[in-house]
Structures are given as structure tokens and as C-alpha cells.
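Student:
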């Protein structure tokens, strides 16, 4: 959670040209441990997914400790997928509130 956008770019650059890179941060500015990397082509993104997903952790950089769990590298969810997941979570919460 201590990597910078530049660290993330450096890590993913071997797979292709990066157009955008951003790290999700909380209100306090601390990293949430999630980043979005936009490659210039679908093939470059697929190469990163194939090579990195679940196979390794984010390395130690600049003395900052790397990640303790394997990387999840995937295509970002579409808006439709996000809405469906929210609806499923709400339905699950409703069954907890009303078990009958």
C-alpha cells in the first residue's frame, strides 16, 4: 500500500504502453491497495493479466514493504457488472434483516 503511481507504472511497463495509472486513495490520502492501469491496447492488458494475475505480489520498492497477498490483475468491471454486484449485496443484506 506504499507504492506510488510511478512504482505501479514501472511494474506494468514491460507489458505495453500505459496511457493512465491511478491508485485508489481514502479521504486521508492513504492507498486502498488498488490501482487502475489503462494500456494502449487490449492485447497489452491481456498480456499483463496472463502473466501477473495470482502469480506474484507487488514487490518492495523504495524501502516500502510490498503486498502480502497475490496480485489480482483483471479487466475493470463494467458499470452493469458493478450495479449487479450492488443489487446482489443489497438482496443478501435484506435476507439478513428479514430471515422469514
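Residue numbers (UniProt numbering): 1 to 100.
Each residue gets a CB set at the ideal place from its N, CA and C atoms; glycine is no exception.
Computed from a prediction, not measured in an experiment: that's the story for all the values here.
Given a cut-off of 8 Å on the beta-carbon distance, is the pair residue 23 and residue 38 in contact?
Tutor: Their beta carbons are not under 8 Å apart, which means residue 23 does not touch residue 38 by this criterion.
Student: Give the range of the beta strand (DSSP E) segment to which residue 35 is assigned.
Tutor: 31 to 39 is the span of the beta strand (DSSP E), which, as asked, contains residue 35.
Student: Whose C-beta lies closer than 7 Å to the C-beta of residue 8 among residues of the same chain, with five residues either side of it excluded?
Tutor: Cβ neighbours of residue 8 beyond the five flanking positions: 21, 23, 35 and 37.
Student: What is the rounded straight-line gap between the Cα of residue 53 and the Cα of residue 94?
Tutor: So the alpha carbons of these two residues sit roughly 33 Å apart.
Student: Looking at the unbroken alpha helix (DSSP H) that takes in residue 22, where does it start and where does it end?
Tutor: Where residue 22 is concerned, there is no enclosing alpha helix (DSSP H), although the beta strand (DSSP E) it sits in stretches over 18 to 25.
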